[in-house]
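Take a look at the structure set out below.
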Ligand SMILES: *Cc1c(COP(=O)(O)O)cnc(C)c1O
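Residue numbers (the working numbering): 9 to 357.
Okay, structure coming up:
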């Protein structure tokens, strides 16, 4: 895999900013190289720009070499950096499935990069042939998301594999929700497919959306490229420390996953009994997409009751659909009650 020829020319030529911490990495007693305040506030020093300790822990947990890990200020940072590195504005394009996560398009639009979107099938399965047909010589990255947001399903691994084999650019598989179905991860495919990039995050199952920490797993050469163009200290000390603490108690995350999956099962059964619900889509994530009568009306009715869900009724293939995040059992009960009252009110009207 020749990453260099895939790169934008200016990035290929770029000489990255060398921070004080890049120039000197050994042990020393006196650091007078970075214009920091010398007095110990706990946070007077710049953080490790490559988050070495944190990556070692993540490497153990994920069973990947630390050289294959990039950490970003949310996985959104990795999405943005991939576009910056590989897509020439007003010339290159990305291919994305539709419906899917909105940030691929927002990032592409920000950079002036065209998005070629390919509809999923009616049952939200992947049409790999349509994707391979849609790409052209200016396509640099194909974005897949599995489990997919907002549909909740995993994409067929055979289809993903065909795309990895036939496409000469990068294939991003966004696994933001993989902790809810860990057996589906494609992390073990990294050795075989140098063009594979996997995104994961601490924002969902880990319960740490507030610390902004996302992961990208890829070929070491690709990780070097991302390191070259990222902001020098993109992961702050507080986040690095807090993530290390969370990694010391993985069982807490696993307990959350267990609770949420049990609540999801309960939601499924309960939603079947709600009048205004027309269809409940299967989910491998921590949310459920439902087709309802009068989606937008229901959405506003719920807001009046202080309950916010995601209105996806204007999204392709999701007409009439709301996306419901699985909450605590109290929150889910309140949501179900709201939906039932709405059904009753609509029927009476
Ligand atoms: C929530 C989500 C993310 C997470 O983004 P962060 O920047 O890590 O918070 C990424 N991809 C998808 C599909 C998501 O739904």
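By construction, the Cβ of each residue, glycine as well, lies at the ideal position given by its N, Cα and C atoms.
- Among the bridge pairs identified by DSSP, residue 329 is matched with 299.
- Judged by DSSP secondary structure, residue 269 falls outside any beta strand (DSSP E) and instead within the alpha helix (DSSP H) spanning 258-280.
- Straight across, the Cα-Cα distance linking residue 216 with residue 247 is about 10 Å.
- The beta carbon of residue 288 is closer than 7 Å to those of 276, 279, 280, 296 and 298 in its chain, skipping five residues each way along the sequence.
- For the set 293, 24, 25 and 351, the Cα lying nearest the Cα of residue 163 is the one of 293.
- For residue 210, the CB contacts under 6 Å within the same chain, skipping 5 residues up- and downstream, are 216 and 221 in chain order.
- Counting only residues of its own chain and dropping the five nearest sequence neighbours on each side, residue 346 has a CB closer than 6 Å to the CB of 310, 313 and 315.
- Between residue 123 and residue 152 a beta carbon distance of about 14 Å is seen, past the 8 Å cut, so the two are scored as non-contacting.
- The three-state secondary structure of residue 80, taken from DSSP, is strand.
- In the structure shown, the three-state DSSP call for residue 313 is coil.
- Taking the Cα positions, residue 32 is about 21 Å away from residue 79.
- The region 153-160 and the region 104-114 touch, with three or more beta-carbon pairs separated by less than 8 Å.
- In the displayed model, residue 318 falls within a strand according to three-state DSSP.
- Residue 159 sits buried, since 16 or more C-beta atoms from the chains shown fall within 10 Å of its C-beta.
- A Cβ-Cβ separation of about 21 Å leaves residue 228 out of contact with residue 88 under the 8 Å criterion.
- Per DSSP, residue 104 lies in no alpha helix (DSSP H) segment; the continuous beta strand (DSSP E) that holds it begins and ends at 101-106.
- Under the DSSP assignment, residue 222 falls outside any alpha helix (DSSP H), being part of the beta strand (DSSP E) whose first and last residues are 222-225.
- Taken from the Cβ of residue 130, every heavy atom of ligand 1 lies 8 Å or farther away.
- Assignment of residue 286 by DSSP, reduced to helix, strand and coil, places it in the strand class.
- With contacts defined by Cβ atoms closer than 9 Å, residue 243 and residue 55 form a contacting pair.
- By the Cβ-count criterion, residue 306 is buried, with 16 or more other Cβ atoms from all chains shown falling within 10 Å of its own Cβ.
- Considered as a whole, the region 92-165 harbours 101-106, 122-127 and 147-153 as its complete beta strand (DSSP E) runs of no fewer than 3 residues, in chain order.
- Taking non-hydrogen atoms of ligand 1 into account, the C-beta of residue 207 is found less than 8 Å away from one of them.
- Under the 8 Å Cβ criterion, the region 193-203 does not count as touching the region 313-333, having fewer than three qualifying pairs.
- Contact annotation, residue 70 with residue 225: C-beta distance approximately 7 Å; criterion of less than 8 Å satisfied.
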